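Engineer:
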Amino acid sequence: MRRIIVQEFLTLDGVMQAPGRPDVTKYVVSTTMEDDEVAGSGWQNSKLLKSIEGVKHLKKESGAEPRHPTS
3 MRRIIVQEFL TLDGVMQAPG RPDVTKYVVS TTMEDDEVAG SGWQNSKLLK SIEGVKHLKK
63 ESGAEPRHPT S
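The numbering used here applies: residue 3 is where the sequence shown begins, and numbers increase by one.
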């Protein structure tokens, strides 16, 4: 089973920064948002995971370990 790697973008003075790589898939984990909200949010290349089952499925997929940039 793969690990999910969370990457925080935080400056030394404590300011959260948005990830700057549009080529990396960003995973939005939310039980309240809908797919159209994520699509209309301006978050390019984002995928919505609506439950813990979505996270478990992501971990079971083959391939490189997913990196989750956060802000």
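All residues carry an ideal CB built from backbone N, CA and C; glycine is no exception. Remember, predicted model here, so these are calculated numbers, not experimental data.
#1: Could you tell me the alpha carbon to alpha carbon distance between M35 and G16, rounded to whole angstroms?
#2: Give the DSSP-derived three-state secondary structure of E10 in the structure shown.
#3: What's the C-alpha gap between S43 and V30?
#4: Just checking V57 against the ligand GDP - is the residue's beta carbon closer than 7 Å to any of the ligand's heavy atoms?
Structural biologist: If we stick to the structure as given:
#1: Taking the straight line from one Cα to the other gives about 27 Å.
#2: Here E10 sits in strand by DSSP.
#3: Computed Cα separation, rounded: 11 Å.
#4: By its list of ligands, the structure shown contains no ligand whatsoever, and the ligand GDP lies outside what it can speak to.
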